[in-house]
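As structure tokens, the structure follows; a few thoughts come after it.
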Amino acid sequence: MNNRLSRFPASWIPTLYIAEGLPYFAVNVLAVILYTRMGVGLKEMTFYTGFLYLPWVIKPFWSPFVDIFGTKRKWTLLMQFMIGICMAAIALALPFSFFFASTLAVFWLIAFFSATHDIAADGYYMLALTHHQQAAYVGLRNTFYRIASLIGQGGLVWLAGEMEERTGGNIPLSWMVVFGVLSFILLAIAIWDCAAMPVAEADKPSYNKGVSDIFKEFGATFVTFFQKKNIVTALLFILLYRLPEALMLKVSAPFMLAERELGGLAMSTKDIGIVNGTVGVVALLAGGIVGGICIAVKGLKYWLWPMALALTLPCGVYCWMAMAQPTGLFWVSVAVAFEQFGYGFGFTAFMLYLIYFSTGQFKTSHYAFCTAFMALGMMLPGMAAGWLYEVLASVSLFGTSGTQGYINFFWAVMVSSLFTYAACAMVKIDPSFGRKRGSDIHKK
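Per the working numbering, residue 360 is the first one in the sequence shown, and the count goes up by one each step.
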């Protein structure tokens with residue numbers, strides 16, 4: 360340990376995982392709302408912001424470089440400073456006419472730095488703590504990642520809306536303040552972590568083993584992953600299980616912000632922060648907690664279909680909102696809470712399946728490959744969502760001319776649930792996985 364402060368894991372775990380969460384939500388949530396408010400077209404916005412998932416898709420392929428060159432602590436701190444600087448760069452670029460191309464390039468850098476930070480920070484957590492400490496502090500770790508979610512999806516969006524009101528609708532200035540605040544937070548965390556994060560004895564570069572050995576190990580994990588039993592059905596499940604949510608994620612906020620004559624809800628940016636970033640996040644976390652308890656009692660296989668239905672069917676609330684166009688926050692909040700609770704409940708099965716499929720030799724590396732395909736399953740539908748909306752907007756299925764686009768799109772999301780069900784029908788799961796010992800209910 361390098362000083363008195365660093366002797367206490369509780370002094371650096373909260374900031375470490377806030378710094379892990381905030382860039383992710385900035386790239387995947389704030390960017391969508393920012394570009395919508397700045398007038399970027401839905402097709403372009405969804406394609407380019409969907410592409411920002413790519414660093415998380417390919418991060419297993421550069422994780423060996425993080426192992427070889429430098430310590431996990433140095434990588435973590437470097438990425439925190441770089442992300443903080445990039446947030447400031449976005450703020451400075453917003454007033455200019457070329458803001459879209461310039462900020463998009465910086466967002467891509469943030470995504471790359473954030474994915475690298477994930478590799479280094481999670482590795483550092485395991486190296487700096489004993490196995491007992493890792494288990495003891497996992498709750499604190501998860502709690503502060505969730506706090507980052509509340510800040511990123513709720514507090515910062517609300518701040519943008521508040522600034523829009525205070526500046527008389529000056530969108531660039533309002534979002535300059537948001538990204539300036541975000542830059543300050545991340546740079547302050549980086550400075551704090553420099554003092555608080557201990558220099559762990561086990562945190563050493565792996566070049567002592569030889570670069571060729573590192574890449575041989577990586578090659579072995581890559582080959583054995585694709586040699587796993589039922590690999591094709593597993594990958595189809597990983598790619599398709601969340602298809603409805605992947606399509607809807609990039610369009611839900613623009614739908615809420617769009618004018619009513621265009622089929623939207625005409626909500627303010629501040630309202631989006633309250634509904635999606637606060638009510639929605641709390642419901643999502645509650646659904647995840649309930650899902651974890653249920654699987655602990657009956658196991659993953661027992662709950663797979665109920666959780667798949669919980670993940671997909673509540674998406675229908677967006678069909679209702681698009682057709683009814685409710686006014687006021689109450690019913691919108693109820694609808695979003697219902698959908699997000701179902702998603703949190705259903706997502707539990709997905710994450711447990713990733714752990715299940717990764718078991719065996721190289722389980723840590725295989726889990727990283729699973730999460731890469733998970734990101735790919737979100738990236739590709741997200742990139743196509745705007746194009747799908749534009750195609751469906753010209754088809755007279757529901758609604759009137761000018762308002763039918765969102766209605767048709769959300770019904771298409773419901774139809775995409777069939778791919779989720781097909782994936783569930785194919786996947787193979789051990790009935791005992793996820794169930795606590797002694798929780799079996801014996802038949803008389």
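Note that CB positions come from ideal geometry on N, CA and C, so glycine has one too.
Predicted model, so just to flag it, every value in this text is computed and none were measured.
Own chain residues within Cβ distance below 6 Å of residue i, not counting five before or after
i           : result
residue 509 : 640
residue 408 : 390, 391
residue 801 : Below a pLDDT of 50, predicted positions are generally treated as unreliable, and residue 801, at 35, falls in that range; no measurement from the model is reported.
residue 787 : 589
residue 362 : Confidence at residue 362 is low in this model, with a pLDDT of 48, below 50, so its placement is unreliable and no value can be given for it.
residue 642 : 696, 699, 700
residue 515 : 537
residue 798 : Unreliable placement is indicated for residue 798, whose pLDDT of 43 sits below 50; no coordinate value is reported for it.
residue 749 : 402
Proximity below 8 Å, CB of residue i to CB of residue j
i           : j           : result
residue 606 : residue 443 : no
residue 542 : residue 447 : yes
residue 519 : residue 497 : no
residue 704 : residue 646 : yes
residue 592 : residue 785 : yes
residue 688 : residue 598 : no
residue 487 : residue 549 : no
residue 727 : residue 751 : no
residue 595 : residue 782 : yes
residue 334 : residue 675 : As displayed, the chain neither begins before 360 nor continues past 803, which places residue 334 out of reach and without an answer.
residue 619 : residue 625 : yes
residue 415 : residue 464 : no
residue 766 : residue 678 : yes
Beta-carbon contacts of residue i that lie in its chain and below 8 Å, excluding the five residues immediately before and after
i           : result
residue 725 : 580, 583, 584, 587, 716, 717, 719
residue 692 : 633, 634, 638
residue 745 : 400, 401, 402, 403, 404, 405, 406, 609, 610
residue 458 : 397, 452, 531
residue 803 : At residue 803, the pLDDT of 32 sits below 50, so the modelled position is not reliable; the number obtained from the coordinates is stated separately. Taken in chain order, the list of residues that qualify is empty.
residue 412 : 387, 470, 734, 735, 737, 738, 741
Rounded separation between residue i and residue j - CA only
i           : j           : result
residue 482 : residue 562 : 9 Å
residue 539 : residue 450 : 6 Å
residue 399 : residue 630 : 20 Å
residue 370 : residue 492 : 14 Å
residue 385 : residue 753 : 32 Å
residue 470 : residue 382 : 7 Å
residue 769 : residue 681 : 8 Å
residue 668 : residue 428 : 45 Å
residue 526 : residue 532 : 8 Å
residue 479 : residue 438 : 9 Å
residue 664 : residue 517 : 36 Å
residue 418 : residue 686 : 43 Å
residue 790 : residue 410 : 37 Å
residue 575 : residue 455 : 48 Å
residue 468 : residue 529 : 26 Å
residue 564 : residue 420 : 17 Å
residue 673 : residue 431 : 41 Å
residue 722 : residue 729 : 10 Å
residue 394 : residue 617 : 13 Å
residue 476 : residue 513 : 23 Å
residue 494 : residue 372 : 13 Å
residue 472 : residue 462 : 15 Å
residue 555 : residue 485 : 16 Å
residue 683 : residue 666 : 27 Å
residue 818 : residue 551 : The structure shown has nothing for residue 818, since the chain only spans 360 to 803.
Spatial neighbours of residue i in its chain, beta-carbon cut-off 7 Å, leaving aside the 5 residues before and after
i           : result
residue 775 : 602, 603, 606
residue 521 : 629
residue 659 : 708, 711, 712, 715, 788, 792, 793
residue 553 : 436
residue 577 : 423
residue 511 : 380, 381, 384, 385, 388, 389
_Taking 8 Å as the cut-off, does the region 490-505 touch the region 364-378 (at least 3 CB pairs, one atom from each stretch)?_
yes
*Do the region 734-742 and the region 648-663 touch if we need at least three Cβ pairs shorter than 8 Å?*
no
_Just to confirm the assignment: which complete alpha helix (DSSP H) runs, minimum length 4, are found wholly within the region 389-421?_
390-396, 401-410
_Ranges of the alpha helix (DSSP H) found wholly within the region 448-501, counting only runs of at least 4_ = 458-487
*Any alpha helix (DSSP H) of 4 or more consecutive residues that is wholly inside the region 721-789*: 722-752, 763-785
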